[in-house]
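Heads up: the sequence shown runs through residues 0 to 76, numbered per numbering that gives the first Met the number 0.
Presented below is the structure to which this report refers.
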Amino acid sequence: MSKESIQEAVHKNLEKYFRDLGEQPASNIYDMVVLAVEKPMLEMVMTRTDSNQSQAADMLGINRNTLRKKLQQHGLL
């Protein structure tokens, strides 16, 4: 799957979200999207690296301490 495919999936789902909202005001969209994407991404990376946090942090391009914080936030530790 390419970067464009992922972007298309997010775009398509956001269109549906706004369509379903109708005239209701939207709020906290940034947090909603980040949380929806971040947890499955972390789960997949941790699976792919056999739960090696150093490798996972490298793969994600983040610091290992940041990774640990995000894993804790999502209940993955």
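Using N, Cα and C, we set each Cβ at its ideal position, and we do this for glycine too.
Source: prediction; values computed, not measured.
Presumed contact (8 Å Cβ cut-off) between residue i and residue j, rounded CB distance
i     : j     : result
GLN45 : ALA55 : For the record, residue 45 in the displayed sequence is Met; it is not Gln. Sure, about 6 Å apart at Cβ, within 8 Å.
LYS69 : LEU41 : 6 Å
First through last residue of the alpha helix (DSSP H) which encompasses residue i
i     : result
PRO39 : 28-47
GLU7  : 2-20
LEU70 : 63-72
SER53 : 52-59
Whether residue i touches residue j by CB criterion (7 Å)
i     : j     : result
SER53 : ARG63 : yes
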